[in-house]
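Trainee: Which chain is which? The protein sequence lines are A and B, in order.
Following our numbering from start to finish, the first sequence increments by one per residue and tops out at 561.
Following our numbering from start to finish, the second sequence increments by one per residue and tops out at 561.
All C-beta atoms, glycine included, are put in the ideal place defined by N, C-alpha and C.
Protein chains: 2
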Amino acid sequence: MDELEIDNRVKLARVEKGLTQEELADLVGVTRQTIGLIEAGKYNPTIKLCLMLARATGKDLDGLFWIRGER
Amino acid sequence: MDELEIDNRVKLARVEKGLTQEELADLVGVTRQTIGLIEAGKYNPTIKLCLMLARATGKDLDGLFWIRGER
DNA sequence: ACTTAATGCAATATATATCTTACAATATCG
DNA sequence: CGATATTGTAAGATATATATTGCATTAAGT
Chain A
491 MDELEIDNRV KLARVEKGLT QEELADLVGV TRQTIGLIEA GKYNPTIKLC
541 LMLARATGKD LDGLFWIRGE R
Chain B
491 MDELEIDNRV KLARVEKGLT QEELADLVGV TRQTIGLIEA GKYNPTIKLC
541 LMLARATGKD LDGLFWIRGE R
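Rendered as structure tokens:
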């Protein structure tokens, strides 16, 4: 399970909403750094945080996160 | 973000596939205990693991995990 | 060019997801 | 009932998600 790469569209979804990293972070209750690292693909966030990011950006989970190569 | 409750249908999806907790655990590369605790709602799994659970059960993310009350 | 907002990045600390091992409880089937 | 498979659960250890602080870099606007 470790070698698996995950892609995400958090940055695109955030920018579409006109939000800064800090604003999105405040909306979902994490720090700006956490958002930045998730967008950079360096973090493997928990499902709870992903669900809050989906709600905050108006996207669904499957539109935000997927296994690289499977879409 | 902490008080938020997450619901999931991992157990239903697993049983539909005719898999035991241990078989599903082996498929996605975690331990049986991890699967049991996720099904019991006591763990907040990472998106990577959730994506592997979705792939292994033939469901999509949004069908497996959601915010309690929002569906 | 200067100022400010926004982002990138790094080190250290903390919280928690996951593992390991073990045993108890429950279901299934002879 | 007895045997085996499956699941529940708990304590302690490890890995990693996230926080905190600080500073560098980039973008936007004046």
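Does B:L551 come within less than 9 Å of chain A when only Cβ atoms are used?
Mentor: Output row for B:L551: interface = yes.
Trainee: Inspect the CB distances between the region 515-523 of chain A and the region 504-523 of chain B and report whether three or more fall short of 8 Å.
Mentor: Too few Cβ pairs lie closer than 8 Å, so no.
Trainee: Keeping to the same chain, check which residues put their C-beta closer than 7 Å to that of A:R561; ignore five residues upstream and five downstream.
Mentor: No residues qualify anywhere along the chain.
Trainee: Distance check for B:L527 and A:A515, CA to CA, integer angstroms please.
Mentor: Rounded to the nearest angstrom, the two C-alpha atoms are 28 Å apart.
Trainee: Sort out for me which residues DSSP pairs A:N498 with in a bridge.
Mentor: Beta-bridge pairing links A:N498 to A:F555.
Trainee: Which of the three DSSP states is assigned to B:T521 in this structure?
Mentor: Coil at B:T521, not helix or strand.
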